[in-house]
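Inspection log for the structure reproduced underneath, given as structure tokens.
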Amino acid sequence: MEILLVGSGSALPEKIVSNDDLAKIVDTSDEWISTRTGIKERRICEKESLSALSTLAAKRALDAAKVDAEDIDLIVAGTTTADKSFPGCACEVQAGIGASHAVCFDVSAACSGFVFALHSAECMMRAGGYRSALVLGADAFSRVLDWSDRSTCVLFGDGAGAVVLKAKESERVVDGILGTKLGSDGSRGDSLVREAFGENPYVKMCGQEVFKFAVRTVPEVIDQALERAKITKKEVDWYILHQANERIIQSVAKKLEEAMEKFPMNLSKVGNTSGASVAILLDEEIRSGRIQKGDVLVLSGFGAGLTWGATVIKY
Numbered sequence: 109m110e111i112l113l114v115g116s117g118s119a120l121p122e123k124i125v126s127n128d129d130l131a132k133i134v135d136t137s138d139e140w141i142s143t144r145t146g147i148k149e150r151r152i153c154e155k156e157s158l159s160a161l162s163t164l165a166a167k168r169a170l171d172a173a174k175v176d177a178e179d180i181d182l183i184v185a186g187t188t189t190a191d192k193s194f195p196g197c198a199c200e201v202q203a204g205i206g207a208s209h210a211v212c213f214d215v216s217a218a219c220s221g222f223v224f225a226l227h228s229a230e231c232m233m234r235a236g237g238y239r240s241a242l243v244l245g246a247d248a249f250s251r252v253l254d255w256s257d258r259s260t261c262v263l264f265g266d267g268a269g270a271v272v273l274k275a276k277e278s279e280r281v282v283d284g285i286l287g288t289k290l291g292s293d294g295s296r297g298d299s300l301v302r303e304a305f306g307e308n309p310y311v312k313m314c315g316q317e318v319f320k321f322a323v324r325t326v327p328e329v330i331d332q333a334l335e336r337a338k339i340t341k342k343e344v345d346w347y348i349l350h351q352a353n354e355r356i357i358q359s360v361a362k363k364l365e366e367a368m369e370k371f372p373m374n375l376s377k378v379g380n381t382s383g384a385s386v387a388i389l390l391d392e393e394i395r396s397g398r399i400q401k402g403d404v405l406v407l408s409g410f411g412a413g414l415t416w417g418a419t420v421i422k423y
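Below you can see the structure in the form of structure tokens.
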């Protein structure tokens with residue numbers, strides 16, 4: 109059986125917050141932020157709910173796939189900032205698009221969320237019973253930031269992305285999802301954490317620890333996913349990485365001995381959108397025409413948990 113990616117969509121809030129805007133509320137500057145992260149501005153939810161953004165991204169993905177919402181039988185959303193503790197984001201999207209036959213649930217894996225959600229949907233489809241799936245990555249970290257903490261408030265933005273997967277009977281797997289590798293290490297979870305309750309429910313991060321974790325782990329998990337997919341690096345057209353930090357992406361490219369031209373980035377305009385970032389960038393690259401049918405893609409997310417993962421897809 110092949111699990112094909114047949115459509116994508118994304119949505120961003122209207123409000124743009126620039127580095128200069130942030131310099132008015134914390135001790136920072138455009139130069140300080142951009143040289144250390146590559147971020148120039150980000151989108152922030154002011155009047156939009158995360159479920160509304162996710163629903164819009166889902167509708168755009170369904171339109172691109174030419175699939176009716178009633179034909180979707182599985183919805184998986186990767187998010188840690190849903191509008192409500194329950195019902196989950198996936199259930200709210202189900203109601204928003206009218207996918208009345210779908211089984212829905214959320215996956216909590218922070219910035220790895222979309223990759224984890226994608227693999228969850230793939231495994232359920234391969235197990236049988238699900239033919240069409242909607243997979244989302246969505247987060248609104250602006251709600252969980254301490255806006256007086258310049259080490260975190262300058263990094264994150266809000267947004268949502270979605271893809272539609274379809275199962276196709278086939279004796280050989282040559283298209284669609286070719287291989288995935290995931291990993292977790294809860295013993296290092298304190299390097300990036302947000303308490304669910306208490307007086308300080310904001311994101312706290314040890315930036316140096318997260319940086320070292322990412323540049324060591326991401327190249328390894330990409331190599332492992334490629335091995336599972338029986339694909340060489342020479343065959344890869346694009347690496348769609350979690351948009352955490354420009355320096356991390358550059359370091360990963362160097363370790364993989366791959367050209368930076370294979371690593372598109374959008375974090376200068378949208379910041380780190382956590383679990384949404386891979387899905388948003390993927391959609392932007394497809395809609396721009398840079399990603400073409402037949403291209404080999406590596407999607408990789410990494411973040412709190414600690415969690416990490418990579419998926420190889422022939423588009």
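Start counting the sequence shown at 109; every next residue gets the next number (this note's numbering). Idealized CB from N, CA, C, for every residue including glycine.
Beta-carbon contacts of residue i that lie in its chain and below 7 Å, excluding the five residues immediately before and after
{"i": "Met-232", "result": "Leu-182 and Tyr-238"}
{"i": "Ile-357", "result": "Leu-349, Phe-371 and Met-373"}
{"i": "Val-318", "result": "Ser-299 and Leu-300"}
{"i": "Ile-339", "result": "Leu-286, Val-404 and Val-420"}
Identified DSSP bridge partners for residue i
{"i": "Gly-267", "result": "Asp-247"}
{"i": "Cys-261", "result": "Answer is none; Cys-261 lacks a bridge partner."}
{"i": "Phe-213", "result": "Val-184"}
{"i": "Phe-410", "result": "Trp-416"}
{"i": "Thr-288", "result": "Thr-419"}
{"i": "Glu-110", "result": "Lys-276"}
{"i": "Trp-346", "result": "Leu-405"}
{"i": "Met-313", "result": "Leu-300"}
{"i": "Asn-380", "result": "Phe-264"}
Three-way DSSP call (helix, strand, coil) for residue i in this model
{"i": "Val-360", "result": "helix"}
{"i": "Leu-300", "result": "strand"}
{"i": "Lys-274", "result": "strand"}
{"i": "Ala-203", "result": "helix"}
{"i": "Val-318", "result": "helix"}
{"i": "Lys-192", "result": "coil"}
{"i": "Leu-242", "result": "strand"}
{"i": "Lys-338", "result": "coil"}
{"i": "Arg-398", "result": "coil"}
{"i": "Gly-221", "result": "helix"}
{"i": "Glu-307", "result": "coil"}
{"i": "Val-282", "result": "coil"}
{"i": "Gln-332", "result": "helix"}
{"i": "Ser-208", "result": "coil"}
{"i": "Pro-327", "result": "helix"}
{"i": "Asp-254", "result": "coil"}
{"i": "Met-368", "result": "helix"}
Rounded C-alpha distance that separates residue i from residue j
{"i": "Glu-78", "j": "Ala-268", "result": "The structure shown does not extend to residue 78, since the chain is modelled only from 109 to 423, so the question has no answer here."}
{"i": "Cys-199", "j": "Trp-346", "result": "32 Å"}
{"i": "Leu-390", "j": "Phe-410", "result": "16 Å"}
{"i": "Asp-298", "j": "Phe-305", "result": "16 Å"}
{"i": "Glu-110", "j": "Tyr-310", "result": "41 Å"}
{"i": "Asn-308", "j": "Glu-279", "result": "53 Å"}
{"i": "Thr-415", "j": "Ser-118", "result": "23 Å"}
{"i": "Val-378", "j": "Glu-335", "result": "32 Å"}
{"i": "Ser-228", "j": "Lys-132", "result": "42 Å"}
{"i": "Gly-265", "j": "Gly-397", "result": "25 Å"}
{"i": "Leu-253", "j": "Asp-129", "result": "16 Å"}
{"i": "Ile-152", "j": "Arg-168", "result": "20 Å"}
{"i": "Trp-255", "j": "Arg-395", "result": "33 Å"}
{"i": "Ala-225", "j": "Glu-154", "result": "26 Å"}
{"i": "Ala-418", "j": "Glu-303", "result": "27 Å"}
{"i": "Asp-171", "j": "Asp-138", "result": "38 Å"}
Spatial neighbours of residue i in its chain, beta-carbon cut-off 6 Å, leaving aside the 5 residues before and after
{"i": "Val-114", "result": "Ala-173, Val-272 and Lys-274"}
{"i": "Cys-212", "result": "Ile-183, Ala-198, Cys-199 and Gln-202"}
{"i": "Ala-165", "result": "Gly-117, Ser-118, Ala-119, Ala-268, Gly-269 and Ala-270"}
{"i": "Ser-385", "result": "His-350 and Gln-351"}
{"i": "Ser-292", "result": "Gly-413 and Thr-415"}
{"i": "Gly-146", "result": "Glu-354, Leu-375 and Ser-376"}
Same chain only: Cβ atoms within 8 Å of residue i, ignoring 5 sequence neighbours per side
{"i": "Glu-366", "result": "Lys-341, Val-344 and Tyr-347"}
{"i": "Val-323", "result": "Ile-356, Ser-359, Val-360 and Lys-363"}
{"i": "Ser-159", "result": "Ala-190, Asp-191, Cys-197, Glu-200, Val-201 and Gly-204"}
Closer than 9 Å to chain B by CB, residue i
{"i": "Ile-357", "result": "Absent from the structure: chain B. Only one protein chain is present."}
**Request:** Please go through the segment 114-175 and give each complete beta strand (DSSP E) segment of 3 or more residues, from N-terminal end onward.
**Result:** 123-126 and 149-152
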